[in-house]
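Mapping the sequence shown onto full-length UniProt numbering, position 81 (from 1) lands on 81, and the numbers just tick up by one. Glycine is no exception: its CB is placed at the ideal position from the N, C-alpha and C atoms. Contents: one structure, followed by commentary.
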Amino acid sequence: MRKRQAKKRPLLPDPRFNDQLVTRFVNMMMWDGKKSVAFKVFYDAMDIVETKKTDEEKTGLEVWKDALSNVMPHVEVRSRRVGGATFQIPMQIRPDRKVSTAMKWLISYSRKRNEKSMSQRLASEILAAAKEEGAAVKKRVDTHKMAEANKAFSHFRF
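Structure (structure tokens):
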């Protein structure tokens, strides 16, 4: 390779929970560089989760982390051309890609919900994902099913 791989920049932990994962999530959710707005949306969503959660032992942040781990895929299919035919080949996912995929799905499916504000949408998607339901979890299940269905092609791995 001619070019070096870009260095990973250290993320500052967020002000309220002091957690780098939260900052990463907010950075993905942010539009037009409006980080303060994104933080407000996330913290409002956390407050809603705090009031609506069913499990009393867990904090809102723990519910969010559970939701994230429930959405995380472990395998995905990658397209690969072999002799004129394109095969969907199941592959393991790197840990950092697992996290970012889960975050992207959680954000995109909460944007598609039809509650009033983004913080309400995000909160209900988080609560659904924490209970192993909702669109983001369905996406993970479908991805796993697709990988399972294409297991026969796993010998084409790169």
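Count the other C-beta atoms from every protein chain shown that fall within 10 angstroms of the C-beta of residue i, then say buried if there are 16 or more, exposed otherwise.
i: ASN18; result: exposed
i: VAL141; result: exposed
i: MET46; result: buried
i: VAL82; result: exposed
i: ARG2; result: exposed
i: TRP64; result: buried
i: PRO15; result: exposed
i: ASN70; result: buried
i: THR23; result: buried
i: GLU125; result: buried
i: PRO90; result: buried
i: SER119; result: buried
i: residue 185; result: Past the boundaries of the shown model lies residue 185; the chain is included only from 1 to 158, so the question cannot be answered.
i: ARG121; result: buried
i: LYS145; result: exposed
Would you tell me roughly how many angstroms separate the C-alpha atoms of residue i and residue j, rounded to the nearest one?
i: GLN20; j: GLU148; result: 33 Å
i: LYS34; j: MET28; result: 11 Å
i: SER79; j: GLU57; result: 43 Å
i: GLN5; j: THR51; result: 43 Å
i: ALA123; j: LYS7; result: 33 Å
i: ASP66; j: LEU12; result: 22 Å
i: ALA135; j: TYR109; result: 6 Å
i: VAL49; j: GLY84; result: 50 Å
i: ARG113; j: ILE93; result: 27 Å
i: PHE156; j: PHE87; result: 9 Å
i: SER117; j: ARG111; result: 9 Å
i: ALA152; j: THR143; result: 16 Å
i: VAL37; j: VAL99; result: 23 Å
First and last residue of the beta strand (DSSP E) that includes residue i?
i: GLN92; result: 85-92
i: GLU76; result: 75-82
Residue j and residue i - do their beta-carbons sit closer together than 7 Å?
i: ASN150; j: VAL75; result: no
Locate the alpha helix (DSSP H) running through residue i, then write down its first and last residues.
i: HIS144; result: 135-149
i: SER100; result: 95-111
i: TRP64; result: 60-71
i: PHE153; result: Element bounds for PHE153: n/a, residue is neither H nor E.
i: THR23; result: 20-29
i: ASP55; result: Run containing ASP55: none; DSSP gives neither H nor E here.
i: LEU122; result: 118-130
Indicate whether the contact test is met: 3 or more Cβ pairs, each with one atom in the stretch 37-53 and one in the stretch 92-104, closer than 8 Å. They do not touch, by the three-pair rule.
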